[in-house]
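What follows is a single structure, written as structure tokens, with notes after it.
Number of protein chains: 2
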Amino acid sequence: MPKVETFSRNEVLQKATEVFHTKGYNGTSMQDLVDATTLNRSSIYNSFGSKLGMFMDVLSYYYTNYKNQIGKKIVQSHNASEMIQAIFDIYVHDILTDNDRKGCLIVNCKSEMVNQEPIIKSFMEQNQEQTLAMLEDIVHNGQMEKIFNQKQTPYQYALYLYTSIQGIRMTGILNTNEKELKNLIQTVLNVLH
Amino acid sequence: MPKVETFSRNEVLQKATEVFHTKGYNGTSMQDLVDATTLNRSSIYNSFGSKLGMFMDVLSYYYTNYKNQIGKKIVQSHNASEMIQAIFDIYVHDILTDNDRKGCLIVNCKSEMVNQEPIIKSFMEQNQEQTLAMLEDIVHNGQMEKIFNQKQTPYQYALYLYTSIQGIRMTGILNTNEKELKNLIQTVLNVLH
DNA sequence: GTAATTTTGAAACGTTCATTTCAATTAAGA
DNA sequence: TCTTAATTGAAATGAACGTTTCAAAATTAC
Chain A
184 MPKVETFSRN EVLQKATEVF HTKGYNGTSM QDLVDATTLN RSSIYNSFGS KLGMFMDVLS
244 YYYTNYKNQI GKKIVQSHNA SEMIQAIFDI YVHDILTDND RKGCLIVNCK SEMVNQEPII
304 KSFMEQNQEQ TLAMLEDIVH NGQMEKIFNQ KQTPYQYALY LYTSIQGIRM TGILNTNEKE
364 LKNLIQTVLN VLH
Chain B
184 MPKVETFSRN EVLQKATEVF HTKGYNGTSM QDLVDATTLN RSSIYNSFGS KLGMFMDVLS
244 YYYTNYKNQI GKKIVQSHNA SEMIQAIFDI YVHDILTDND RKGCLIVNCK SEMVNQEPII
304 KSFMEQNQEQ TLAMLEDIVH NGQMEKIFNQ KQTPYQYALY LYTSIQGIRM TGILNTNEKE
364 LKNLIQTVLN VLH
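Chains as they are written, first to last, in my numbering: chain A, 184 to 376; chain B, 184 to 376.
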């Protein structure tokens, strides 16, 4: 029987994520990935197929991490308001700890590649659909519980929240003032009440 | 005395803007720019110094165009509410006519380059400062006229609007449903009333 | 220990990258 | 018309690009 994959796939993906996140897809070279992962060039091609293949895995890895974080916070919450607040808190925390102003990998990738790579466009459509569905569900529950108003449909509020998250991710690249960001989020979320 | 520049600088910048907007900075090659502008390689280096130099001019050109559009709409408006509405209408119009989902050149560049190129970071800081100052001024006037509420300071509302604009620019890459976008904007702007 | 099969390392693939070079061309002022 | 200086075209620069190749090393099952 053959030799088996020796490296930790997650560790490699973590390292690759850091590079892609810092330099963007087009700004990252295969050499950067070889250096960061300490994997051999051939091993990368063996395991990930291509630069784009590796990037897709990185994107999923990054997204899964967010979904897990959000999932945990949601089960800890007692109502829809707390859930939404907890979700936004995750993003603020990431902004405040992102010392090199990288922004969000998914937002960055969306703006860089949606119009260039069909597979990225599909990923982003799925990402949007899933995020909207999650938010819509929370909003709907919040409206049932009379915590949120019913001036808009759950879908429209979900779209508003999704848009706000992306906006905050962009603003957070240059503005990392905690007080201003938290106030900003309160302004965003007050719309629901 | 010497021969003078024969090409129209604005026409060249227009063509270069289209390329950078479509492919991003790192995705654009000098050959792309030579092809698009029909300028010779040497002429580009003569007139713009470098790829980054040309890109900076493109960025200013693109930004100036927006400032002019907004300026015109502002003088046509009768109050703060109309001004803000007109500004957002410009962005919605651009989203709806952006058939290849390029998004906003400035937002794209911010997410791609702020953490890589100091000169881009400076540009974006200036862009943010100017945009916030403009919005703050409008909000302040709106509050004086009792058109807008005073739950937040003009600066905080400006930051909220600036963030919303960036968010809408990101959402608009994949979602080009006019009804949903206009509803979204009403949700955003209702906060002020 | 041997056979089987994958990972690994290092080099090489051909292409494209941003930039430079430089002689030829061009057009304005004297 | 001659001088002057910039524009132009085309080729060349060397480095970096993503990807492939292939023999050597490594690891598992028998």
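By construction, the Cβ of each residue, glycine as well, lies at the ideal position given by its N, Cα and C atoms.
Excluding the five sequence neighbours on either side, which residues of its own chain have a C-beta within less than 6 Å of the C-beta of residue i, listed in chain order?
| i | result |
| --- | --- |
| Thr314 (chain B) | Tyr345 |
| Gln326 (chain B) | Gln333 |
| Asp215 (chain A) | Val202 |
| Leu364 (chain A) | Val275 |
| Lys198 (chain A) | Ala219 and Thr220 |
| Gly355 (chain A) | Ile278 |
| Tyr249 (chain B) | none |
Let's see if you can read the secondary structure: which residues bound the alpha helix (DSSP H) around residue i?
| i | result |
| --- | --- |
| Leu367 (chain B) | Glu361 to Asn373 |
| Leu242 (chain B) | Lys234 to Gln259 |
| Ser226 (chain A) | Arg224 to Phe231 |
| Cys292 (chain B) | Leu288 to Met296 |
| Lys206 (chain A) | Arg192 to Lys206 |
| Asn310 (chain A) | Pro301 to Met327 |
| Ser347 (chain A) | Pro337 to Leu357 |
| Thr220 (chain B) | Met213 to Thr220 |
| Thr189 (chain A) | Here Thr189 (chain A) belongs to no alpha helix (DSSP H), and DSSP marks it neither H nor E. |
| Phe331 (chain A) | Looking at the DSSP string, Phe331 (chain A) is not in any alpha helix (DSSP H), and its letter there is neither H nor E. |
| His276 (chain B) | Ala263 to Thr280 |
Taking the alpha-carbon positions, what's the residue i to residue j distance?
| i | j | result |
| --- | --- | --- |
| Thr359 (chain B) | Gly286 (chain B) | 11 Å |
| Lys362 (chain A) | Gln339 (chain B) | 10 Å |
| Asp218 (chain B) | Ser212 (chain B) | 10 Å |
| Lys234 (chain A) | Phe238 (chain B) | 26 Å |
| Asp320 (chain A) | Ala263 (chain A) | 9 Å |
| Thr205 (chain B) | Arg284 (chain B) | 9 Å |
| Gly236 (chain B) | Val202 (chain A) | 26 Å |
| Val275 (chain B) | Val290 (chain B) | 15 Å |
| Leu367 (chain A) | Asn223 (chain A) | 45 Å |
| Arg192 (chain A) | Thr200 (chain A) | 12 Å |
| Ser260 (chain B) | Thr247 (chain A) | 46 Å |
| Ser230 (chain A) | Gln299 (chain A) | 24 Å |
| Val371 (chain A) | Asn282 (chain A) | 25 Å |
| Gln309 (chain B) | Pro301 (chain A) | 34 Å |
| Glu328 (chain A) | Leu288 (chain B) | 42 Å |
| Tyr343 (chain B) | Gln369 (chain A) | 10 Å |
| Tyr228 (chain A) | Asn324 (chain B) | 59 Å |
| Glu265 (chain B) | Gln335 (chain A) | 22 Å |
| Pro337 (chain A) | Ile267 (chain B) | 25 Å |
| Glu194 (chain B) | Val258 (chain B) | 28 Å |
| Thr280 (chain A) | Ser347 (chain A) | 20 Å |
Starting from the C-beta of residue i, find all residues in its chain whose C-beta is less than 8 Å away, skip the five residues before and the five after it, and write them out in chain order.
| i | result |
| --- | --- |
| Val226 (chain A) | It should be pointed out that residue 226 (chain A) corresponds to Ser in this sequence rather than to Val. Hits under 8 Å: Phe190. |
| Met184 (chain A) | Low per-residue confidence applies at Met184 (chain A): pLDDT is 49, beneath 50, and the placement is therefore not dependable, though the value from the model is reported in the following sentence. Taken in chain order, the list of residues that qualify is empty. |
| Leu357 (chain A) | Arg284 |
To the nearest whole angstrom, what separates the beta carbons of residue i and residue j, a pair I think is in contact under 8 Å?
| i | j | result |
| --- | --- | --- |
| Lys256 (chain B) | Ile270 (chain B) | 7 Å |
| Lys293 (chain A) | Met317 (chain B) | Actually they do not touch by this definition, with Cβ atoms about 26 Å apart. |
| Gly207 (chain A) | Glu295 (chain B) | 5 Å |
| Gly232 (chain A) | Gln349 (chain B) | Their Cβ separation, rounded to whole angstroms, is 34 Å, which puts Gly232 (chain A) and Gln349 (chain B) out of contact at 8 Å. |
| Phe331 (chain B) | Leu375 (chain B) | 4 Å |
| Asn209 (chain B) | Asn373 (chain A) | Not really, about 39 Å apart at Cβ, beyond 8 Å. |
Using C-beta distances below 7 Å, list every residue in its chain close to residue i, excluding the 5 sequence neighbours before and after it, in chain order.
| i | result |
| --- | --- |
| Leu196 (chain A) | Asp240, Val241 and Tyr244 |
| Val297 (chain A) | Ile303, Lys304 and Met307 |
| Ile273 (chain A) | Gln252, Ile253 and Lys256 |
| Ala341 (chain A) | Leu315, Leu318, Glu319 and Val322 |
Residues in the segment 328 to 343 of chain B having any Cβ partner in chain A nearer than 7 Å: Gln335, Gln339, Leu342 and Tyr343
Chain-ordered residues of the segment 305 to 323 of chain A with a beta carbon less than 8 Å from chain B: Met307, Glu308 and Gln311
Selection of the segment 276 to 294 of chain A by Cβ proximity to chain B, strictly under 7 Å: Asp283, Arg284, Lys285, Gly286, Val290, Asn291, Lys293 and Ser294
Where the segment 355 to 371 of chain A meets chain B: residues whose CB sits under 8 Å from a CB there: Ile356, Leu357, Asn358, Glu363, Asn366, Leu367, Thr370 and Val371
Contact list for the segment 230 to 257 of chain A against chain B, Cβ threshold 7 Å: none
Proximal residues, the segment 207 to 220 of chain A versus chain B, C-beta separation under 7 Å: Gly207, Asn209 and Gly210
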